[in-house]
Amino acid sequence: MAEMRGFLRSDGRKGIRNVVVVAYLVECAHHVARRIVTLSDDMDVHLIGFPGCYPNSYAFQIMTKLCTHPNVGGVLLLSLGCESFNREALRQAVAASGRPVETLVIQQAGGTRATIEAGRAAVARLKAIAGQTPVVPMARHELVVGTICGGSDGTSGITANPAVGRCFDWLVEAGATCIFEETGELVGCERIMSDRAVTPELGAEIEACVQKAERYYTIMGFGSFAPGNAEGGLTTQEEKSMGAYSKSGSSPISGLIKPGDIPPTGGLYLMDVVPDGEPRFGFPNISDNAEIVELIASGSHVILFTTGRGSVVGSAISPVIKVCANPETYARLSEDMDVNAGRILEGKATLDEVGAEILDLVEAAAAGDRTASEALGHQEFILTYKSFEPVGPACLPTRGRAA
Amino acid sequence: MSTPISPLILLHPDDNVLVVRAAIRAGDALDIDGARVTAAQDVTVGHKLARRVLAAGDKVLKYGAPIGSMTAAVDVGGHVHMHNMKSDYIASHTRQVVGGQVVGGSEGGH
Chain A
296 MAEMRGFLRS DGRKGIRNVV VVAYLVECAH HVARRIVTLS DDMDVHLIGF
346 PGCYPNSYAF QIMTKLCTHP NVGGVLLLSL GCESFNREAL RQAVAASGRP
396 VETLVIQQAG GTRATIEAGR AAVARLKAIA GQTPVVPMAR HELVVGTICG
446 GSDGTSGITA NPAVGRCFDW LVEAGATCIF EETGELVGCE RIMSDRAVTP
496 ELGAEIEACV QKAERYYTIM GFGSFAPGNA EGGLTTQEEK SMGAYSKSGS
546 SPISGLIKPG DIPPTGGLYL MDVVPDGEPR FGFPNISDNA EIVELIASGS
596 HVILFTTGRG SVVGSAISPV IKVCANPETY ARLSEDMDVN AGRILEGKAT
646 LDEVGAEILD LVEAAAAGDR TASEALGHQE FILTYKSFEP VGPACLPTRG
696 RAA
Chain B
45 MSTPISPLIL LHPDDNVLVV RAAIRAGDAL DIDGARVTAA QDVTVGHKLA
95 RRVLAAGDKV LKYGAPIGSM TAAVDVGGHV HMHNMKSDYI ASHTRQVVGG
145 QVVGGSEGGH
């Protein structure tokens, strides 16, 4: 296998891609931004953006973290001109990170056609500068890997999810950073999780964040999590949630982060994706890609996406590796999948073998190989309104160890 | 195929239950950690069988984590489910569980 390599950024972090992002700062600039990306016809020019015209500090934070993500080598900001997004603060944050950044304001640039032309030229300049980024060897401990499940079915919890858990255990053992999330699907696991926390205070924070998730989803009309599907063999609530939770493996939990927080050290982190305070803007994450964006905003180089029924999505900025839990789904959608974890059900592979295959694919992606969703051109992106309070001091007990 | 495929998966080395990956029929011969056991009943995919002799009060470990406790003893290879196992989870006021009994149901998650 080819060796892992990274694009060395000025903050010392390494990216496994060298993407130029074109970021619209309000829906009114979306079309112009999309045309610039489409006309550039380049797998490494990606479209991201925030549609809202009203200000939101969460959206600003996520956009900033994405535009300064290690996988990003240059940024073009697309503004209509009258939206409230603080484009100058974002431009300064990107410039301060050492990346090339340009801003185009449609109202000043002469409208749609002129801005698209100016944007294409800007992308060419940004690509040229990003192309000079030093490429250096990358080690396993430098990887940040996120995981999510979507389109789950009865096979997810016994094949793909625990196989990802094996991969996470090996990554954490090597000193890498792994992130799992969706506290709303971990109701019933909070005591099991808090027992894995590296300090009792972190354990208490984890229990509190799962209780927050349960309350939030109850208000949103989801009702509470009931003991799972007994016909499928699940006996208890904690067992049902463990199906999703098994993606986390069995390492100690080193910290609790919120979207956009960068884990201070290697280890396993839980991301709290449920907004703080009373529900204001709707469901915590309206679809899988909203969760993927948050995992990337916290630094994930690559996303391990487990699916039983067969999601096809990828993402802007970071490659998505699809781990298919169900052998029948794999047979139907094999071009969209990277791993057939359903072989475990058929007795053709063990959890360890599939876990090792996933780890190989993470390292192959970090060596430059395209994942199935990347090769098919998937670059989904969604960012909506949310509100968070910062995490408390007990949430990151390893922070003092960070350099 | 020369070797029969085990219909059971061990999810974690610490586990004391195995998960059924292919339907088992009563009378089937099962190999559980080298012990030959005859299945006492039909068990469908996704259910759990005891990997060890378990007594009432024993924690049930799956994924390497406790997922509840036994309420009755079970032999190696016996079915572990609602009839001999319960949640250790302390139900909060919002959950549709009272004293370990389900009083309402809904699907959850996506």
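For the record, the sequence lines run as chains A and B.
For the first sequence, the numbering used here assigns the number 296 to the initial residue and increments by one for each residue that follows.
For the second sequence, the numbering used here assigns the number 45 to the initial residue and increments by one for each residue that follows.
For each residue, glycine too, the CB sits at the ideal point set by N, CA and C.
From a predicted model like this one, the values you see are computed outputs, not experimental measurements.
Residues from the region 49-67 of chain B in contact with chain A, defined by Cβ distance under 9 Å: So the list reads 49, 50, 51, 53, 54, 55, 56, 58, 63, 64, 65, 66, given in the order they occur along the chain.
Nearest to residue 489/A (by Cα), restricted to the options 549/A, 569/A, 434/A: Looking from the CA of residue 489/A, the closest CA among 549/A, 569/A, 434/A belongs to 549/A.
Test item: CB-CB of residue 398/A and residue 420/A under 8 Å: Pairing residue 398/A with residue 420/A gives a Cβ-Cβ distance that is not under 8 Å.
Whole alpha helix (DSSP H) elements within the region 386-466 of chain A, 4-residue minimum: For the region 386-466 of chain A, whole alpha helix (DSSP H) runs of length 4 or above, ordered along the chain, are 401-404, 407-425.
Strand pairing of residue 80/B, partner residues [DSSP]: Partner(s): 75/B.
Per DSSP, cross-strand counterpart(s) of residue 302/A: Answer by DSSP bridge pairing, in chain order: 310/A, 430/A.
Any chain B beta carbon closer than 8 Å to residue 483/A: Yes, residue 483/A counts as interfacial toward chain B.
Buried versus exposed, by CB contacts within 10 Å (16 or more), residue 671/A: Residue 671/A comes out exposed.
Interfacial residues, the region 103-121 of chain B to chain A, with Cβ spacing under 7 Å: Answer in chain order: 106, 107, 108, 109, 110, 111, 112.
Residue 498/A, enclosing alpha helix (DSSP H) - first and last residue: Start and end: 495-514.
Nearest-angstrom Cβ-Cβ length linking residue 320/A and residue 301/A, presumed shorter than 8 Å: 29 Å between Cβ atoms; not a contact.
Nearest neighbour of residue 371/A, chosen from 645/A, 562/A, 582/A, 318/A [CA to CA]: Checked all of 645/A, 562/A, 582/A, 318/A; the closest Cα to residue 371/A is 318/A.
Contact residues within the region 605-637 of chain A, judged by C-beta distance below 9 Å to chain B: Result list empty, no residue passes.
Identity of the residues DSSP links to residue 342/A by a beta bridge: Its beta-bridge partners are 317/A.
For residue 123/B, the residue or residues it bridges with in DSSP: Its beta-bridge partners are 93/B.
Secondary structure of residue 535/A, DSSP reduced to three states: Under the three-state reduction of DSSP output, residue 535/A falls in the helix class.
Cβ contact check for the region 421-428 of chain A and the region 583-593 of chain A: 3 or more pairs under 8 Å: Counting C-beta pairs with one atom in each stretch, the region 421-428 of chain A and the region 583-593 of chain A have fewer than three that are closer than 8 Å, which means they do not touch.
Helix, strand or coil at residue 570/A according to DSSP, with G and I counted as helix: Residue state, collapsed to three classes: coil.
6 Å Cβ shell around residue 70/B - same chain, five flanking residues per side excluded: Closer than 6 Å at Cβ, skipping near neighbours: 83, 85, 86.
Alpha-carbon to alpha-carbon, residue 663/A and residue 338/A: Whole-angstrom Cα-Cα distance: 12 Å.
Residue from 390/A, 642/A, 651/A, 471/A with nearest C-alpha to residue 51/B: Ranked by how close their Cα comes to the Cα of residue 51/B, the residues 390/A, 642/A, 651/A, 471/A have 642/A in first place.
Cβ-based contacts, 9 Å cut-off: residues of the region 82-101 of chain B near chain A: Within the region 82-101 of chain B, the qualifying residues are 87, 88, 89, 90, 91, 92.
Start-to-end residues for the alpha helix (DSSP H) that takes in residue 111/B: Not the alpha helix (DSSP H): residue 111/B falls in the beta strand (DSSP E), residues 109-114.
Pair within 8 Å by beta-carbon distance, residue 504/A and residue 563/A: For residue 504/A and residue 563/A, no; Cβs fall outside 8 Å.
C-alpha distance - residue 349/A paired with residue 324/A, whole-angstrom precision: Taking the straight line joining both Cα atoms gives about 14 Å.
First through last residue of the beta strand (DSSP E) which encompasses residue 370/A: Unbroken beta strand (DSSP E) run through residue 370/A: 367-374.
Contact check, residue 700/A vs residue 657/A, beta carbons under 8 Å: No answer is possible for residue 700/A: the residues shown for chain A start at 296 and end at 698.
Terminal residues of the alpha helix (DSSP H) in which residue 550/A lies: Careful: residue 550/A lies outside any alpha helix (DSSP H), inside the beta strand (DSSP E) at 548-552.
Alpha-carbon spacing of residue 467/A relative to residue 561/A, whole angstroms: Answer to the nearest angstrom: the Cα atoms are 7 Å apart.
Residue 632/A in three-state terms, based on DSSP: Residue state, collapsed to three classes: coil.
Beta-carbon spacing of residue 124/B, residue 94/B below 8 Å: In contact: residue 124/B and residue 94/B (Cβ atoms closer than 8 Å).
Minimum C-alpha distance to residue 499/A - residue among 305/A, 304/A, 691/A: A check of alpha carbon separations from residue 499/A across 305/A, 304/A, 691/A identifies 691/A as the nearest.
C-beta contact flag for residue 362/A and residue 389/A at 8 Å: Yes.
Span of the alpha helix (DSSP H), counted from its first residue to its last, around residue 333/A: Start and end: 325-335.
Reference residue 366/A, options 593/A, 379/A, 336/A, 579/A, closest by Cα: For residue 366/A, the nearest C-alpha among the options comes from 593/A.
Residue 57/B, DSSP secondary structure in three states: Looking at residue 57/B - three-state DSSP - the assignment turns out to be coil, as it is neither helix nor strand.
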